[in-house]
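As numbered in my numbering, the sequence shown has no gaps in its residue numbers, which increase by one up to the final residue, 727. Right, one structure below, let's go through it.
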Amino acid sequence: PDLIFDHDQMVDGAIRRLRRRAASNPIGFELLPEKFTMRQLQKLYEAIYSEELDKRNFTKKINSLDVLEKLDEKDKTSSRKGSFLYRFNQKEYERKTDDGFVFKMK
């Protein structure tokens with residue numbers, strides 16, 4: 622729908638800022654539950670960037686950042702086999718950034 626006044630520009634600006642922040646800060650983890658699947662994380666970033674991301678490349682990229690903790694729990698709501706749950710490791714992220722680590726999604 623059409624927005625009144627300059628609200629469409631405000632929304633576009635907010636989306637650009639969100640994408641910029643998501644590319645260099647781990648804000649995606651703040652928008653998910655404490656425990657999440659890799660698919661949930663990928664879907665979130667696909668929504669932020671409005672583009673489909675390759676599953677293998679996304680998983681490889683996320684794992685290379687080494688800021689996720691893979692849990693021994695599975696989410697079995699979508700399949701019998703289930704998907705492993707992960708948790709963002711804030712302490713590891715802070716330790717890495719103190720050592721010069723830069724979070725890069727794009």
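For every residue, glycine included, the Cβ atom is placed at its ideal position computed from N, Cα and C. Please read all numbers here as calculations on a predicted model, not as lab measurements.
Examine the ligand PLP and report whether any of its heavy atoms sits within less than 7 Å of the Cβ of H628. Only the bare structure without any ligand can be found here, which leaves the ligand PLP out of the picture.
Spatial neighbours of L639 within its chain, please: CB distance less than 7 Å, with the 5 preceding and 5 following residues excluded, ordered by chain position. Counting from 1 along the sequence shown, the entry for residue 639 is found at position 18. Excluding positions up to five away in sequence, the list reads I669.
Would L662 be called buried (16 or more neighbouring beta carbons within 10 Å of its own) or exposed? Translated into positions along the sequence shown, residue 662 becomes position 41. So L662 ends up on the buried side.
Kindly list the residues whose CB is nearer than 7 Å to the CB of F724, restricted to its own chain and excluding five residues on each side of it in sequence; keep chain order. In the sequence shown, residue 724 corresponds to position 103, counting from 1. Excluding residues within five positions, the ones whose Cβ falls inside 7 Å are S645, N646, P647 and L686.
Quick one: using the 10 Å Cβ neighbour count with 16 as the cut-off for buried, is G634 buried or exposed? Indexing the sequence shown from 1 puts residue 634 at position 13. Exposed.
Between which two residues does the beta strand (DSSP E) harbouring F679 extend? Looking up residue 679 in the sequence shown gives position 58. F679 -> not in any beta strand (DSSP E); alpha helix (DSSP H) instead, spanning K676 to L686.
Report yes if the C-beta distance between F709 and K695 is below 8 Å; otherwise report no. The residue you call residue 709 lines up with position 88 of the sequence shown. The residue you call residue 695 lines up with position 74 of the sequence shown. Taking 8 Å as the cut-off, the beta carbon of F709 is found no closer than this to the beta carbon of K695.
In the structure shown, what three-state DSSP assignment does F709 receive? The sequence position of residue 709 within the sequence shown is 88, counting from 1. In the structure shown, F709 sits in a strand (DSSP, three-state: E or B).
DSSP beta-bridge partners of F657: In the sequence shown, the residue the question calls residue 657 occupies position 36. F657 is bridged to Y707.
Considering only residues of the same chain and omitting the five flanking positions on each side of F657, which have a CB-CB separation below 7 Å? Taking the sequence shown and counting its residues from 1, one reaches residue 657 at position 36. Contacts found: L706 and Y707.
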